[in-house]
Amino acid sequence: MSPEQESSIAALDLFPSEEAGKTSAVTIQASKGLFHLDLKAVWRYRELLYFLIWRDVKVRYKQTAIGAGWAIVQPLMTMVIFTVVFGSFAKIPSDGLPYSIFAYTALLPWNYFAQAINRSGVSLVGSASLITKVYFPRLIVPISAAVAPVVDFAIAFIILLAMMAWFGIAPTWGMLALPLFLLLALATALAVGLWLSALNVRYRDVGYTIPFLIQVWMYASPVVYPVSLVPEKWPLLYSLNPMAGVIEGFRWALLGKESPDFRVMTASAVVVMVLLLGGIVYFRRMERTFADVV
Amino acid sequence: MGDIAIQVEHLSKQYTLGTSRYQHDTLRDQLTDGLKALFRRNGRPPSNKNTIWALKDVSFEVREGEVVGIIGRNGAGKSTLLKILSRITEPTSGYAKIHGRVGSLLEVGTGFHPELTGRENIYLNGAILGMRRVEIERKFDEIVAFAEVEKFIDMPVKHYSSGMYLRLAFAVAAHLESEILIIDEVLAVGDQAFQKKCLGKMDEVSHTGRTVLFVSHNMTAIEFLCDRCFLFDQGRLEVSGETGIITARYLASDVDRSSGQADLVYHNGRTKGSMSVMAKVILATELSEPTSSLPMGSQLSIQVSFSSKSKPIYPILGVVLKNRFGTAILGVNNRFIPGYRFAEPISDGIITCHFSSLPLMPGKYLIDLYLGDEHVDLDVVHEAVSFDVTPADVFKSGKLPPAAAGPIFWPATWSLENGKEVC
């Protein structure tokens, strides 16, 4: 090692002090308190977060013949099945839109959401070898798993644009609001994913429950049917499901359907924030024993 | 010697044994436990979970630039200590103060992904170990050169030979620039050349003024690298001091294992994840009593009694003989030797590994035992029992090979032809 490299040692600091200066001491002890969230640590490790997302994306379709094509084929096939079963056979109304694009617009955020909770829910157990051998803020694991499927979402989105052109649906200014709805979906997925992943470390039952949870949640969200089909007396209950707002938001922004109820969206956002905050607190609490239990 | 780099005060770590450590609770267990508790009179949960102190009231200081070896039997608390200092797990009580950036290497190749190329894995692994991207970029060529994988750097690592894989993994970790380096038994993997290279690199690292904590069972490596040593026993820091003195004490502390037999039901050499299948091991010779002292060239039977009540097994016994430094000398296993698949699966019995003439030079030897069911290892106990080989006139010449000629003696034959060259 050359002297020049040696001198750079002090410049790099894994646990940088809050103020610049000499390296600070880290004290390792049993942690106390419920609200020690330490989100700063996550920010410090943002490069690792980036690399884990990058790895997930990179590895996902390795050794498949059509590679990222799967990100298109999966929602497309689901759309075809839904269109035949729910659109043609069951004749579920689609608010005057072609059923295929009606379903696909909902499938985009839904598929993202389903993948994000699925992957983040089992992420900690799947990263057991990392967790027991290296220190880093554990929050990074479910976060990266919840963010990575955004890439699939982006690829599948291209097909939606093509379908809109095919059906002659003009884009609206509402499309600018799409990132907000996606963000809401991400926050929801992360909130649920944090709870599931932390629980799954101790109770492997959770991993087996996730597919059912996703299935039930899908039918509780307006993926295959329009919100107008939901009985009048349920809207409050419905606003508790943030994915209903997300899907309605997507249909509004892309297909020009009536705008989602602002109050409902706000209620959804509040529900998500509470769930997310609770998820982080619970996760941080359980984090102390992950390496011992996983 | 500079300021204090690591300060540990009354550090303790308690683990819950039984259900929650080795087996995961399921919700059902919790629910049934809860129900049982309801119907019991005193209403308290069953106390079948016993706890163990993996680390108990440990205090020490390490100064900047010191290279400290940590030794002790399996289960002595070494790895737990490293895990706490690496912030992987939290202590139950006490604290540790660490001054400076910590790089820890508890396993070679953590986070390597087989589908990614060597180049991609360097970045990924570097990030996992806590390196910044710029730092990895700057070190990249050096890492590749050290690992000797220049030609294969853009190939998925799943196509690498195991040697290349290990070299690359070690190279990334070895180039981590941290003031404090925590290393756990990395030398246990890889071939001789790899180990030599690692040792060289670690020696180099230790001369750059960095603080190093180094756990190993390999006393040769400890004596080579470390100025000072900590000896751990049953979660406590038993003694610390100059390396030579501590290693000698460690090697001499084998009294309980020298009776020629050992109870294996609760053996602290049992590896994590093993089921307690082996119950006892006896070293038998021509004599009727178990013995731990054998003359060179004598026969030896290693008798292992086992019990697998849940499922009958086709027993496989692997035996590895190690010298007092923990280096493997020879290993046998009826999985490799044809004709030793026993006809019927059995649930308990004694399996014996027999050496008709043990070719070991005088010295102290340790035995690792691996009991398996056909292709799976069920129970692994390291350093289950030890024995001494005493000098004997095996060649009937009154002379023995010098100790420097290696750990094994072997009879050979010679011939001589006059005036010829080998062609």
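Protein chains in written order, with my numbering: chain A, 34 to 327; chain B, 2 to 424.
Cβ coordinates follow ideal geometry from the N, Cα and C atoms, glycine included.
Can you have a look at proline 412 of chain B and say buried or exposed, based on whether 16 or more other CB atoms are within 10 angstroms of its CB? Proline 412 of chain B comes out exposed.
Q) Given proline 1 of chain B, which residues of its chain have a CB within under 6 Å of its CB, disregarding the five upstream and five downstream residues? A) Here chain B comprises residues numbered 2 to 424, so residue 1 of chain B is not present and cannot be evaluated.
Start-to-end residues for the beta strand (DSSP E) that takes in tryptophan 54 of chain B: Tryptophan 54 of chain B: member of the beta strand (DSSP E) spanning 52-64, first to last residue.
Please work out which residues of its chain come closer than 8 Å, Cβ to Cβ, to alanine 179 of chain A, disregarding the five sequence neighbours upstream and downstream, and give them in chain order. These residues qualify, in order along the chain: Ala149, Ile150, Arg152, Ser153, Leu219, Ala222, Leu223 and Gly226.
Neighbouring residues, chain B, relative to serine 162 of chain A (Cβ below 9 Å): Below the 9 Å Cβ cutoff, chain B contributes Glu108, Thr111 and Gly112 as neighbours of serine 162 of chain A, in chain order.
Span of the alpha helix (DSSP H) holding glutamine 107 of chain A?
-> That run of the alpha helix (DSSP H) goes 103-115.
What does the Cβ neighbour count give for histidine 383 of chain B, buried or exposed, with the cut at 16 atoms within 10 Å?
Flag for histidine 383 of chain B reads buried.
- request: Assuming valine 257 of chain A contacts glycine 278 of chain A (C-beta within less than 8 Å), just tell me the rounded distance between them.
  value: Actually they are not in contact, since the Cβ atoms of valine 257 of chain A and glycine 278 of chain A sit about 17 Å apart, beyond 8 Å.
Checklist entry - Where threonine 60 of chain A and serine 179 of chain B are concerned, what is the direct C-alpha to C-alpha distance, given to the nearest angstrom? => result If you take the alpha carbons of threonine 60 of chain A and serine 179 of chain B, they lie about 17 Å apart.
8 Å Cβ cutoff, asparagine 49 of chain B in contact with chain A
At asparagine 49 of chain B the pLDDT is 47, less than 50, meaning the model places this residue with poor confidence; the figure from the coordinates comes in the next sentence. Not a single CB atom of chain A sits nearer than 8 Å to the CB of asparagine 49 of chain B.
Any contact of the stretch 104-121 of chain A with the stretch 137-146 of chain A, i.e. 3+ C-beta pairs under 8 Å?
Contact between the stretch 104-121 of chain A and the stretch 137-146 of chain A is established, with three or more Cβ pairs separated by less than 8 Å.
Practice prompt. Apply the 10 Å Cβ neighbour rule to alanine 222 of chain B and answer buried if 16 or more other Cβ atoms are within range, or exposed otherwise.
Written response: Its Cβ being crowded by 16 or more others within 10 Å, alanine 222 of chain B is buried.
inquiry  = What does the alpha-carbon distance come out to for the pair serine 241 of chain B and phenylalanine 326 of chain B?
reply    = About 19 Å.
Does the stretch 312-320 of chain B come close enough to the stretch 338-348 of chain B to have 3 or more Cβ pairs within less than 8 Å? Because the criterion of three Cβ pairs below 8 Å is met, the stretch 312-320 of chain B and the stretch 338-348 of chain B touch.
When Cβ atoms are compared, which residues of the stretch 77-92 of chain B fall closer than 9 Å to chain A? The residues in question are Lys84, Ile85, Leu86, Ser87, Arg88, Ile89, Thr90, Glu91 and Pro92.
Review point. Does aspartate 325 of chain A have its Cβ less than 8 Å from a Cβ in chain B?
Key: Aspartate 325 of chain A counts as touching chain B.
In whole angstroms, give me the CA-to-CA distance for valine 305 of chain B and glycine 407 of chain B.
Looking at the two C-alpha atoms, the distance is approximately 29 Å.
Round the Cβ separation of serine 309 of chain B and valine 278 of chain B to the nearest angstrom and send it over; I've been treating them as touching at under 8 Å.
At roughly 5 Å, the Cβ-Cβ gap stays under 8 Å, so serine 309 of chain B and valine 278 of chain B are in contact.
Next item on the list: Determine the chain A residues that contact serine 94 of chain B at a beta-carbon separation under 7 Å, and present them in chain order.
Entry: Correct list: Ala63.
Practice prompt. Examine chain A for any beta-carbon lying closer than 8 Å to the beta-carbon of arginine 42 of chain B, and answer yes or no.
Written response: Note that arginine 42 of chain B scores 45 on pLDDT, short of 50, meaning its location in the model is unreliable; the coordinates nonetheless yield the value given after this. Cβ-Cβ to chain A under 8 Å: no for arginine 42 of chain B.
* **Limits of the beta strand (DSSP E) - the one that glycine 282 of chain B falls within** => First, the residue type needs correcting, since residue 282 of chain B is valine and not glycine in the sequence shown. 279-285 is the extent of the beta strand (DSSP E) around valine 282 of chain B.
- I think phenylalanine 21 of chain A touches alanine 128 of chain B, with their Cβ atoms under 8 Å apart; what is that distance to the nearest whole Å? No answer is possible for residue 21 of chain A: the residues shown for chain A start at 34 and end at 327.
**Study point:** DSSP three-state assignment for glycine 242 of chain B, whether helix, strand or coil
**Key:** The DSSP-derived three-state label of glycine 242 of chain B is strand.
- Message: Against chain B, does leucine 22 of chain A count as a neighbour if the rule is that its beta carbon must be under 8 Å from one of theirs?
- Response: Residue coverage of chain A in this structure runs from 34 to 327, which leaves residue 22 of chain A outside it and unanswerable.
Can you give me, in chain order, the residues of the stretch 101-114 of chain A that have a beta carbon less than 8 Å from any beta carbon in chain B?
-> Only those residues of the stretch 101-114 of chain A whose C-beta falls short of 8 Å from the nearest C-beta of chain B would be listed, and there are none.
Look at the alpha carbon of glutamate 10 of chain B and the alpha carbon of proline 255 of chain A, and state the distance between them as a whole number of angstroms. Their Cα atoms are separated by approximately 58 Å.
For tyrosine 366 of chain B, the first and last residue of its enclosing beta strand (DSSP E): Its beta strand (DSSP E) spans residues 364-374.
Considering only the alpha carbon of each residue, which of A:Pro108, A:Trp250, A:Arg284 and A:Thr165 lies closest to serine 261 of chain A? Answer by Cα proximity: A:Arg284.
Residue range of the beta strand (DSSP E) that includes aspartate 185 of chain B
The continuous beta strand (DSSP E) containing aspartate 185 of chain B extends over residues 181-185.
So is arginine 136 of chain B buried or exposed if we call it buried at 16+ other beta carbons inside 10 Å? For the sequence presented, residue 136 of chain B should be read as glutamate rather than arginine. By the neighbour-count rule (16 or more Cβ atoms within 10 Å), glutamate 136 of chain B is buried.
query = Would phenylalanine 200 of chain A count as contacting chain B if we go by Cβ distances under 8 Å?
reply = By this cut-off, phenylalanine 200 of chain A is not an interface position.
Checklist entry - For serine 163 of chain B, which of B:Gly131, B:Asp185, B:Tyr124 and B:Phe113 has the nearest alpha-carbon? => result Ranked by how close their Cα comes to the Cα of serine 163 of chain B, the residues B:Gly131, B:Asp185, B:Tyr124 and B:Phe113 have B:Phe113 in first place.
- Item | Proximal residues of chain B, C-beta to C-beta of valine 92 of chain A below 8 Å | Simply His114, Glu116 and Leu117.
Would you identify the three-state DSSP class for isoleucine 280 of chain A, choosing helix, strand or coil?
Per DSSP, reduced to three states, the secondary structure at isoleucine 280 of chain A is helical.
Residues that arginine 134 of chain B contacts on chain A, provided the C-beta gap is smaller than 7 Å | The CB of arginine 134 of chain B comes closer than 7 Å to the CB of Glu80 in chain A, given here in chain order.
- request: With cysteine 227 of chain B as the anchor, note down where its alpha helix (DSSP H) starts and where it stops.
  value: In the DSSP assignment, cysteine 227 of chain B falls outside any alpha helix (DSSP H), carrying neither H nor E.
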